[in-house]
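Chains as they are written, first to last, in the working numbering: chain L, 1 to 113; chain F, 114 to 346.
Heads up, the beta-carbon is just placed ideally off N, CA and C, and yes, glycines get one too.
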Amino acid sequence: SAHSTPVTPSNLCKPRRLYISFSDVGWENWIIAPQGYLANYCLGECPFPLTAELNSTNHAILQTMVHSLDPEGTPQPCCVPVRLSPISILYYDNNDNVVLRHYEDMVVDECGC
Amino acid sequence: LSLQESLLLKSLGLSTKPNPKSPVPVPSVLWRIFQKRKMLPSTDKDLVDACRVEEFNVPGNIIRVFTDQGHFIHDGQPQRLLCLQKRLYFNLSVLEEGERLTMAQLEIKFSHNSYHTSSQGQVFELRLYQTSQMSLRGMPSHEHGRKLLVEQSFAQLHKSLLFNLSGVAKDWRTYSRNLGLILEISVSGGDGASAPEHGGLQSLCTSIDSFLDTSLLVVTLSQKQCKASRMRR
Chain L
1 SAHSTPVTPS NLCKPRRLYI SFSDVGWENW IIAPQGYLAN YCLGECPFPL TAELNSTNHA
61 ILQTMVHSLD PEGTPQPCCV PVRLSPISIL YYDNNDNVVL RHYEDMVVDE CGC
Chain F
114 LSLQESLLLK SLGLSTKPNP KSPVPVPSVL WRIFQKRKML PSTDKDLVDA CRVEEFNVPG
174 NIIRVFTDQG HFIHDGQPQR LLCLQKRLYF NLSVLEEGER LTMAQLEIKF SHNSYHTSSQ
234 GQVFELRLYQ TSQMSLRGMP SHEHGRKLLV EQSFAQLHKS LLFNLSGVAK DWRTYSRNLG
294 LILEISVSGG DGASAPEHGG LQSLCTSIDS FLDTSLLVVT LSQKQCKASR MRR
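Below you can see the structure in the form of structure tokens.
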């Protein structure tokens, strides 16, 4: 279920709230925990000039500059995850064994251009 | 399955959607590890290496606890000082090909750690054999066809005894020959002590009756999930 309630009405590049509910996808009978988790996603503008809190790469700074000079020719840089964290899932496998599995890069903590 | 669901399962490293039939309680060791990671402050979460199990200090991102599918062995003739003889079998076939086994730990659980007055101070001997041959009747062919892995004595019943079986579990996978293990617990014979009468032996074995069950905790590393993200990072 994607319900985003941006905390500050800003269209700058930042994490947006996305809660993944395992029961929504009908997995509640084999996933023991968690019942869901906050995955989030990145969305927003990377306008010129790029400010420090937009976690931008040098190339993104260059690209926003070119975009500001030639908006039709060169798009703005993308807003992407730059810091992610893992989650752990406890579940039953097909042989009724209990499995604890760690997955990397499942939660967007920070976004950047 | 819808396409989306099967793709999502695949991204989680699962080929099919599990369909548990008789779910068992969650082993406390897994629950503790899960809770510990869940309670980490979000600022620390990305510092945790999802491809290492720090609790056991081994590489790995999948921890499974296999329940024992073996059976007790009663082969008729009373054996000298033997309280318990059990076949242990853990079905590791669920491990996917791309998973590298990094640790296997056997846990033998007793239901309590109190001490039965009747066997106060009684010393027991525990032997663990790897079965390499199966006799026709499905019974372990006694001396040959099995390799002694562990032999130790213990005088007090702890809640559980732990044994590192990483080497054996890797053998099972490498040679695809998993014929299980044989567990024997007997009253320590001491030097040349003669076997007590059957009733005597029975009373000495009473505390072994608190034997509850055995399970095998296995840690594996999914080469696909762990190596790929490392390269990207």
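Find out if the Cβ-Cβ distance for the pair L18 (chain L), A39 (chain L) is shorter than 8 Å.
-> yes
Straight-line CA distance for E53 (chain L) to D284 (chain F)?
-> 53 Å
Are the segment 171 to 191 of chain F and the segment 91 to 103 of chain L touching by the rule of at least three beta carbon pairs closer than 8 Å?
-> yes
Element boundaries [alpha helix (DSSP H), containing A217 (chain F)] = Premise fails: A217 (chain F) lies in the beta strand (DSSP E), 212 to 223, not in any alpha helix (DSSP H).
Straight-line gap, K260 (chain F) to L292 (chain F) (C-alpha atoms, nearest Å) | If you take the alpha carbons of K260 (chain F) and L292 (chain F), they lie about 12 Å apart.
If we count the other Cβ atoms within 10 Å of its Cβ and call it buried at 16 or more, is Y242 (chain F) buried or exposed?
-> buried
Buried or exposed (CB count within 10 angstroms, at least 16 for buried), L116 (chain F) | Its Cβ having fewer than 16 others within 10 Å, L116 (chain F) is exposed.
Go ahead and pull the three-state DSSP assignment for C339 (chain F).
-> helix
Spatial neighbours of P136 (chain F) in its chain, beta-carbon cut-off 8 Å, leaving aside the 5 residues before and after = Excluding positions up to five away in sequence, the list is empty.
Extent of the continuous alpha helix (DSSP H) run through A282 (chain F) = 279 to 287
How would you list, in chain order, the residues of chain F whose beta-carbon sits under 7 Å from the beta-carbon of N55 (chain L)?
-> Neighbours of N55 (chain L) on chain F: none; closest Cβ ~14 Å, over 7 Å.
Sequence ranges, beta strand (DSSP E) only - wholly within the segment 31 to 112 of chain L, length at least 3 | 31 to 33, 36 to 38, 41 to 43, 80 to 92, 98 to 112
Rank F:Q246, F:K222, F:Q218 by C-alpha distance to the C-alpha of F169 (chain F) and give the top, closest one.
-> F:Q218
From the beta carbon of F179 (chain F), is the nearest beta carbon of chain L less than 8 Å away?
-> yes
Taking the continuous alpha helix (DSSP H) assigned at I146 (chain F), which residues delimit it?
-> 141 to 151
Going by other Cβ atoms of all chains shown within 10 Å of its Cβ, with 16 needed for buried, is F324 (chain F) buried or exposed?
-> buried
Can a CB atom of chain F be found closer than 8 Å to the CB of E104 (chain L)?
-> yes
Leaving out five residues before and five after S245 (chain F) in sequence, what residues of the same chain have Cβ atoms less than 8 Å from its Cβ?
-> G258, R259, K260, R290, L292
Nearest chain F C-beta to S10 (chain L) closer than 8 Å, yes or no?
-> For S10 (chain L), the answer is no, since every Cβ of chain F falls outside 8 Å of its Cβ.
Integer-rounded CB distance, given that L69 (chain L) should sit under 8 Å from C113 (chain L) | Separation of the CB atoms of C113 (chain L) and L69 (chain L) is rounded to 17 Å, and the pair is thereby denied contact status at 8 Å.
DSSP state of K134 (chain F) mapped onto helix, strand, coil = coil
Per-residue burial, N55 (chain L) [other beta carbons within 10 Å of its own, 16 or more giving buried] = buried
Between which two residues does the alpha helix (DSSP H) containing E297 (chain F) stretch?
-> Premise fails: E297 (chain F) lies in the beta strand (DSSP E), 294 to 300, not in any alpha helix (DSSP H).
Report the residue from L:T64, L:C79, L:S10 whose alpha carbon sits nearest the alpha carbon of G73 (chain L).
-> L:T64
Where V133 (chain L) and I31 (chain L) are concerned, what is the direct C-alpha to C-alpha distance, given to the nearest angstrom?
-> Because chain L in this structure spans residues 1 to 113, residue 133 (chain L) falls outside the shown range and cannot be described.
Taking Q198 (chain F) as the reference, give the member of F:V332, F:T327, F:S299, F:K337 with the closest Cα.
-> F:S299
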